[in-house]
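Input: a single structure, listed below in structure tokens.
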Amino acid sequence: MKIATYNINGINGRLPNLLRWLEESQPDVVCLQELKATDSLFPEKPLLDMGYHAIWQGQKSWNGVAILSRHGVIKETRRGLGGDPDDLHSRYIEAFINGIVIGCLYLPNGNPWPGPKFDYKLRWMARLMAHAARLQTFNLPVALVGDFNIIPTEMDTYKPKKYIDNALFRMESRRLFHELLDQGWADAIRQLYPDERIYTFWDYLRNAYGRDAGLRLDHFLLNGALKPMLVSGAVDKHVRGWGHSSDHAPVWITTR
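Encoded structure:
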């Protein structure tokens with residue numbers, strides 16, 4: 061099964077790019093983030109016309125997550141994280157597809173640091189970790205997939221010193237990410253490419269894509285049952301170079 065993640069950065073404005081990439085890449089399951097559309101404006105029909113069923117949780121102007129699947133009707137298992145009834149952000153949706161539990165997430169950016177947005181990022185991460193610990197008790201393959209807005213190591217940024225005080229690279233963020241891994245999750249792309257600089261995001265400013273001045277923000281975390289099934293994975297970097305592209309590129313893995 062080919063599972064992908066793509067921060068689309070506005071699904072309606074970039075729908076032609078999304079459909080073009082789906083036709084080219086033919087993923088079985090896709091986790092989308094940053095829909096920037098209300099539920100009623102989600103483009104269900106064009107996706108269904110391409111053979112993709114979808115579940116989604118939209119939000120006007122910001123956030124929003126969705127899961128697409130070519131495996132028929134999707135069994136939704138959760139939307140949103142527990143632990144904060146006042147949190148109305150659309151950042152997590154989960155489904156059971158073809159024998160795998162897939163959680164699609166869009167972790168808060170957290171900038172500027174320090175400040176309330178960074179504090180919210182850490183609180184949200186703590187809630188994710190609590191839910192991830194519960195998922196670890198499932199006797200099923202599980203994947204946590206999406207835009208984590210965390211640069212895990214210095215290898216995951218073209219210029220570590222530039223990001224020392226950025227919420228994406230702050231030690232507090234990275235420490236929680238590694239505590240999450242310590243629950244038993246495997247970072248799939250890093251497992252496949254242990255010694256390579258792999259980027260999934262290039263800023264719109266200063267010709268970042270042309271200079272390959274990137275960051276690795278989009279991750280697949282696999283539990284112990286799914287990790288042995290990992291076969292391959294890559295970043296469709298060229299999609300970032302298309303006109304009117306998201307600042308993220310699609311990332312995918314295959315499992316047997």
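Residue numbering for the sequence shown follows my numbering, beginning at 61 and increasing consecutively. Backbone N, C-alpha and C fix where the C-beta goes; we use that ideal spot for every residue, glycine too. Because the structure is a prediction, the values reported are computed rather than measured.
Following the DSSP letters along the chain, one finds lysine 105 inside the alpha helix (DSSP H) bounded by residues 104-109. Across the set Ala203, Glu214, Ile71 and Leu290, the C-alpha of Ile71 shows the shortest separation from the C-alpha of lysine 120.
Residue nearest to leucine 128 within the set Phe156, Met231 and Gly170 is Phe156 (criterion: CA-CA distance). For isoleucine 162, the uninterrupted beta strand (DSSP E) run begins and ends at 160-166, by DSSP.
Between tryptophan 245 and leucine 182, the CB-CB gap reaches or exceeds 8 Å. Sorting Trp184, Val161 and Trp116 by C-alpha distance to the C-alpha of aspartate 144 places Trp184 at the top.
For asparagine 209, the closest of Thr314, Tyr223 and Met110 by C-alpha to C-alpha distance is Tyr223. In this structure, glutamine 117 sits near arginine 139, with a CB-CB distance shorter than 8 Å. With respect to the 8 Å criterion, aspartate 307 and asparagine 69 are classified as neighbours on the basis of their beta carbons.
Under the three-state reduction of DSSP output, tyrosine 264 falls in the coil class, being neither helix nor strand. In this structure, the straight-line span from the alpha carbon of lysine 135 to that of glutamate 214 is close to 38 Å. Note on geometry: alpha-carbon atoms of tyrosine 264 and arginine 271 lie some 11 Å from one another.
Per DSSP, tyrosine 152 lies in no alpha helix (DSSP H) segment; the continuous beta strand (DSSP E) that holds it begins and ends at 152-157. Ranked by Cα distance from histidine 149, the first of Gly170, Trp122, Pro220 and Asn158 is Trp122. For asparagine 77, the secondary structure class from DSSP, reduced to helix, strand or coil, is helix. Under the 10 Å beta carbon count, phenylalanine 229 is surrounded by 16 or more other beta carbons and is classified as buried. Taking the CA atoms as reference points, glutamate 239 sits about 8 Å from methionine 189.
Scanning Glu83, Val125, Val291 and Asp88 for the CA closest to the CA of proline 106 turns up Glu83.
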